[in-house]
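Counting from 111, one number per residue, gives the positions in the sequence shown under this note's numbering.
Here's the structure, in C-alpha cells; my notes come after.
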Amino acid sequence: MELVDLSVPVETGMPVYPGDPEVSAAPALTVARDGVNVLGLHLGSQSGTHVDAPFHIDDALPALGELPLSRFAGPAVVADARGLAPRSPIGAGLLDGLAWPPGGDAPIVLVATGWSAHWGSESYLGHPYLTEEAAALLAGRGVRTVGIDALSVDPTPADDFPAHRVLCGAHAVIAENLTGLDRLLDAQAGGRPIEVWMMPLRLDGADGAPVRAVARIG
Numbered sequence: 111m112e113l114v115d116l117s118v119p120v121e122t123g124m125p126v127y128p129g130d131p132e133v134s135a136a137p138a139l140t141v142a143r144d145g146v147n148v149l150g151l152h153l154g155s156q157s158g159t160h161v162d163a164p165f166h167i168d169d170a171l172p173a174l175g176e177l178p179l180s181r182f183a184g185p186a187v188v189a190d191a192r193g194l195a196p197r198s199p200i201g202a203g204l205l206d207g208l209a210w211p212p213g214g215d216a217p218i219v220l221v222a223t224g225w226s227a228h229w230g231s232e233s234y235l236g237h238p239y240l241t242e243e244a245a246a247l248l249a250g251r252g253v254r255t256v257g258i259d260a261l262s263v264d265p266t267p268a269d270d271f272p273a274h275r276v277l278c279g280a281h282a283v284i285a286e287n288l289t290g291l292d293r294l295l296d297a298q299a300g301g302r303p304i305e306v307w308m309m310p311l312r313l314d315g316a317d318g319a320p321v322r323a324v325a326r327i328g
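Rendered as C-alpha cells:
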C-alpha cells in the first residue's frame with residue numbers, strides 16, 4: 111500500500127481564485143511568550159486544495175453539511191488530460207473511455223491536466239477546463255465527485271460556470287487545486303487500484319471547505 115498526498119500546502123500568500131480572501135498563516139501564540147504555540151489562520155472556504163458543495167453556485171442546492179460523507183471518499187479513476195495548451199477545453203471525448211473499477215458504482219473521477227506544475231506562478235490561471243458536455247457526461251454516468259489539478263473546473267476568470275452548474279446541479283462535489291495526480295496515472299496504468307479521501311472541515315451551511323486530499327494506491 112502507498113499513500114500519496116494530493117494537497118497543496120496552506121501558507122501565507124498562496125494562490126487563490128481572483129477575488130477570494132487572501133491566505134495568511136502566522137503565530138498567534140508562542141511558547142516563549144505564552145507557553146504554547148498556536149497558529150493564527152485567515153483563509154477562505156475555497157482556499158488551497160478544497161471541495162465545492164453544490165451550494166457554492168446556488169442557494170437552493172445542498173450546503174456542505176447536508177452532503178453524505180461518501181461524497182468525499184471512495185475508489186477513483188484518473189483521466190489523462192495532460193499536454194493541452196493553456197485555456198484548452200477538456201471535452202467529453204477525453205472522459206468517455208474511463209474504465210470503472212469493479213463493483214459497478216460510479217467512482218470519484220480525477221482529471222489530471224498537469225497544471226499543478228504551475229502552482230504559484232501567473233501561468234496557473236491559464237489552466238485547461240471541463241466543457242459543459244464533459245461535465246454532463248460525468249453527471250449522466252452517476253459520478254458525484256469530480257476533482258482537478260487546477261484552480262477551477264471552469265476557465266479562470268469566468269463570466270459563467272457551466273461545468274460547476276452541471277455538476278453542482280447533480281448534487282456532486284468538486285475538488286480543485288489537487289496535486290500529485292501524475293503518480294496516480296502511473297499506478298492506474300500498472301493496474302493498481304486507487305482510493306481517495308478528501309474530507310472537508312466540518313463547516314455546516316458552507317459553500318465548501320479546505321481538505322487534506324490523500325490517495326491510497328493498492
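Yeah, the Cβ is synthetic: ideal placement off N, Cα and C, and Gly gets one too.
Return the first residue and the last residue of the beta strand (DSSP E) that residue i is part of.
i: Val276; result: First-last for Val276: 272-279, but that is the alpha helix (DSSP H), not the beta strand (DSSP E).
i: Glu305; result: 304-310
i: Glu334; result: Residue numbering for the chain in the displayed model covers 111 to 328; residue 334 lies beyond these limits and cannot be assessed.
i: Ala244; result: It is not in any beta strand (DSSP E) - Ala244 instead sits in the alpha helix (DSSP H) that spans 242-250.
i: Ala138; result: 134-139
Rounded to the nearest angstrom, what separates residue i and residue j at their Cα positions?
i: Leu240; j: Ala268; result: 13 Å
i: Thr140; j: Asp264; result: 41 Å
i: Leu295; j: Ala136; result: 36 Å
i: Ser262; j: Leu153; result: 17 Å
i: Leu288; j: Thr266; result: 16 Å
i: Asp206; j: Pro131; result: 36 Å
i: Ile218; j: Val306; result: 8 Å
i: Phe271; j: Ala216; result: 24 Å
i: Phe182; j: Asp115; result: 15 Å
i: Leu277; j: Met111; result: 31 Å
i: Leu177; j: Ala246; result: 20 Å
i: Ala282; j: Gly300; result: 29 Å
i: Gly145; j: Ser231; result: 38 Å
i: Met124; j: Gly158; result: 8 Å
i: Met309; j: Leu179; result: 8 Å
i: His166; j: Ala244; result: 20 Å
i: Ser233; j: Arg251; result: 32 Å
Suppose contacts are defined by Cβ-Cβ distances below 7 Å. Is residue i in contact with residue j by that definition?
i: Ala280; j: Ala249; result: yes
i: Leu291; j: Leu220; result: yes
i: Trp95; j: Asp169; result: Since the first residue shown for the chain is 111 and the last is 328, residue 95 is missing from the structure and cannot be characterised.
i: Val161; j: Val321; result: yes
i: Pro164; j: Pro185; result: no
i: Ala227; j: Asp190; result: no
Opposite residue i in the DSSP bridges: which residues?
i: Asp115; result: Val324
i: Ile218; result: Ala186
i: Gly375; result: Since the first residue of the chain shown is 111 and the last is 328, residue 375 is not available in this structure.
i: Tyr127; result: DSSP output for Tyr127 lists no bridge partner at all.
i: Val283; result: Thr255
i: Leu151; result: Ala135
i: Ile200; result: Leu240
Three-state secondary structure (DSSP) at residue i?
i: Val146; result: coil
i: Ser180; result: helix
i: Gly257; result: strand
i: Leu288; result: coil
i: Ala299; result: helix
i: Arg192; result: coil
Of all the CB atoms in chain B, is at least one closer than 7 Å to the CB of residue i?
i: Ala170; result: Chain labels in this structure do not include chain B; a single protein chain is all it has.
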